[in-house]
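S.K.:
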Amino acid sequence: MPLTATSSTLYQNWQALRQTQPMLRARDAAAALDVSEAELVASRLGLDAIRLQPDWRELLPALESLGRIMALTRNEHCVHERKGIYRETTIGGSGQVGLVVSPDIDLRLFLAGWASAFAINEQTPEGMQRSLQIFDHQGVAVHKVYLTENSDLDAWATLIERFATPLQNAALALRPRVPAPVVLADTEIDGVSLRQGWAELKDTHHFLALLKKHGAQRTQALRLAGREWAERLPLNELSVLFEGAAAAQMPIMVFVGNRHCIQIHTGLVNNLRWMHHWFNVLDPDFNLHLDTRGITELWRVRKPSSDGVITSLEAIDADGELVVQLFGARKPGIPERDDWRALAEAPAALEA
């Protein structure tokens, strides 16, 4: 399909930018060019990108045929990369939510926000890079899947042939982002009722419903919950906890997400590396890239459940958004690990 004049101009502007900044990632290039990343990818149609039908109920289970891949989910400050096979995928009856619950690729999918998908075959200095890239209604990347040296290239070709849209149109029906709800003052929140509801939680998954019921933002609820349930910690304790888990060879759960996808690693972390302000996990199957400049608050959070108290560390940015969340490795029906609780409870909290 030939490029339209508009998409052709955008692509040319992008290539000119790459000449001056060859290491610039697509996300940052889009920001520099004042377009969404989805629009930047769409400008490649007819060159090295193919638009796919956004049929999530069929497309996502078909990813299992690719074999071993790398799944990537990120937010503004953190990138979570996990290698494995994309299997055990289920889409809810309404088509609004999905799960991938294999031991290696573990995802929570909020599909109402998913809008467009592209297959990309990009020639790079390291060779051909093949990826599936999914974007929301604002053109922001939701989730990406990269082929590895062990992926099935025949299955990749079959997947593209099956899901390619008949008309390779670069036009995207982007929507403005829904405004964030008005933040209530702490005095407008019924703190007594919030704390009572918190104390009566039976499942950590009900926490967001508790926030919604009381009209509270996450950090607001943490402030109002009281030190029994939530305590602020020094920011450096996040990397200290990673280091403690690595030293003890303790399996942990690392959650990173955005509005439409949450990706989880469950297992050990070993190769921890600082690169300037970036804190990284660089293991064979799991990579984490955390821009620590984006974290403004770190909280130790305790939530009651039918399995006992569940303890997490939650790193939050200046907008009150969750950047990364850590738990001890566990499955439903099993109490929290004693060694994880000891590690998470070790840091002294900041004064209120």
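In our numbering, the protein residues as written are 6 to 357.
Every residue, glycine too, gets a C-beta built ideally from N, C-alpha and C.
Counting along the chain, where does the beta strand (DSSP E) carrying residue 227 start and finish?
M.R.: As a working note, residue 227 is residue 222 in the sequence shown. Counting along the chain, residue 227 falls outside any beta strand (DSSP E), though it belongs to the alpha helix (DSSP H) covering 223-230.
S.K.: In chain order, what residues of the same chain lie with their CB nearer than 8 Å to the CB of residue 100, ignoring the 5 residues before and after it?
M.R.: Within the sequence shown, numbered from 1, the residue matching residue 100 stands at position 95. Around residue 100: 61, 62 and 116.
S.K.: Look at residue 144 and residue 286 and say whether their C-beta atoms are less than 9 Å apart.
M.R.: Numbered from 1 along the sequence shown, position 139 holds the residue referred to as residue 144. Numbered from 1 along the sequence shown, position 281 holds the residue referred to as residue 286. Going by C-beta atoms, residue 144 is not nearer than 9 Å to residue 286.
S.K.: Per DSSP, what kind of secondary structure is residue 7 in: helix, strand or coil?
M.R.: Along the sequence shown, read from residue 1 onward, the residue named residue 7 stands at position 2. Low confidence applies to residue 7: its pLDDT is 44, below 50, so where it sits in the model is not reliable enough to give any reading.
S.K.: Within a Cβ cutoff of 6 Å, which residues of the same chain sit near residue 312, ignoring the five residues on either side of it in sequence?
M.R.: In the sequence shown, residue 312 corresponds to position 307, counting from 1. Excluding positions up to five away in sequence, the list reads 340.
S.K.: According to DSSP, is residue 20 helix, strand or coil?
M.R.: Mapped onto the sequence shown, residue 20 falls at position 15. Residue state, collapsed to three classes: helix.
S.K.: Starting from residue 304, trace the beta strand (DSSP E) both ways and give me its first and last residue.
M.R.: Position 299 of the sequence shown, counted from the first residue, corresponds to residue 304. Per DSSP, residue 304 belongs to the beta strand (DSSP E) from 302-308.
S.K.: So residue 316 and residue 350 are in contact, right, with Cβ under 8 Å, and what is the actual spacing, rounded?
M.R.: Your numbering for residue 316 matches position 311 in the sequence shown. Your numbering for residue 350 matches position 345 in the sequence shown. Confirmed, about 7 Å.
S.K.: Identify the residues that DSSP records as bridge partners of residue 132: which are they?
M.R.: On the sequence shown, residue 132 is found 127 positions in, with the first residue counted as 1. Residue 132 is bridged to 129.
S.K.: Contact criterion: CB-CB distance below 9 Å. Does residue 166 meet it with respect to chain B?
M.R.: Among the protein chains of the structure shown there is no chain B, as only one such chain exists.
S.K.: Go through its chain and collect everything with a Cβ distance to residue 335's Cβ below 7 Å, but skip five positions before and after it.
M.R.: Translated into positions along the sequence shown, residue 335 becomes position 330. Only 341 and 342 meet the Cβ criterion.
S.K.: Going by CA-CA distance only, name the one from 214, 198, 218 and 239 that's closest to residue 230.
M.R.: Looking up residue 230 in the sequence shown gives position 225. Measuring from the Cα of residue 230, the nearest candidate turns out to be 198.
S.K.: Along the chain, where does the alpha helix (DSSP H) that runs through residue 200 open and close?
M.R.: Reading the sequence shown from its first residue, position 195 is the one you call residue 200. 196-204 is the span of the alpha helix (DSSP H), which, as asked, contains residue 200.
S.K.: Looking only at DSSP bridge pairs, what is residue 297 linked to?
M.R.: Within the sequence shown, numbered from 1, the residue matching residue 297 stands at position 292. Paired residue(s): none; residue 297 is not in a bridge.
S.K.: Which residues does DSSP list as the beta-bridge partners of residue 331?
M.R.: Position 326 of the sequence shown, counted from the first residue, corresponds to residue 331. The partner list for residue 331 (beta bridge, DSSP) reads 259 and 318.
S.K.: If you draw a straight line from the C-alpha of residue 26 to the C-alpha of residue 19, how long is it?
M.R.: Numbered from its first residue, the sequence shown carries residue 26 at position 21. Numbered from its first residue, the sequence shown carries residue 19 at position 14. Cα to Cα, the separation comes out at about 10 Å.
S.K.: Excluding sequence positions up to five away, which residues of its chain have a Cβ less than 7 Å from the Cβ of residue 66?
M.R.: By 1-based counting over the sequence shown, the position of residue 66 is 61. These residues qualify, in order along the chain: 94.
S.K.: Distance, Cα to Cα, residue 152 vs residue 75?
M.R.: Position 147 of the sequence shown holds residue 152. Position 70 of the sequence shown holds residue 75. For residue 152 and residue 75, the distance between alpha carbons rounds to 6 Å.
S.K.: Can you list, in chain order, the residues of its chain whose CB lies under 6 Å from that of residue 278, leaving out five sequence neighbours each side?
M.R.: If you number the sequence shown from 1, residue 278 lands on position 273. Here the set comprises 285 and 287.
S.K.: Kindly list the residues whose CB is nearer than 8 Å to the CB of residue 23, restricted to its own chain and excluding five residues on each side of it in sequence; keep chain order.
M.R.: Here residue 23 refers to the residue found at position 18 of the sequence shown. The residues are 29 and 34.
S.K.: Three or more C-beta pairs closer than 8 Å, one from the segment 107-114 and one from the segment 214-227: is that the case here?
M.R.: Contact between the segment 107-114 and the segment 214-227 is absent, because fewer than three Cβ pairs lie under 8 Å.
S.K.: Measuring CA to CA, which of 73, 86 and 78 is closest to residue 92?
M.R.: One-based indexing of the sequence shown puts residue 92 at position 87. Nearest C-alpha to residue 92: 73.
S.K.: Would you mind reading off the limits of the beta strand (DSSP E) that contains residue 74?
M.R.: Here the question's residue 74 lines up with position 69 in the sequence shown. First-last of the beta strand (DSSP E) with residue 74: 72-79.
S.K.: How would you label residue 352, buried or exposed, when you count the other beta carbons within 10 angstroms and need 16 or more for buried?
M.R.: Residue mapping note: residue 352 aligns to position 347 of the sequence shown, counting from 1. That one is buried.
S.K.: Return helix, strand or coil for residue 340, following the three-state DSSP convention.
M.R.: Within the sequence shown, residue 340 is the residue found at index 335, counting from 1. Of the three classes helix, strand and coil, the one that applies to residue 340 here is coil, per DSSP.
S.K.: Would residue 345 and residue 267 be called neighbours here (beta carbons separated by less than 9 Å)?
M.R.: Position 340 of the sequence shown, counting from 1, holds the residue named residue 345. Position 262 of the sequence shown, counting from 1, holds the residue named residue 267. No, Cβ-Cβ distance for residue 345 and residue 267 is not below 9 Å.
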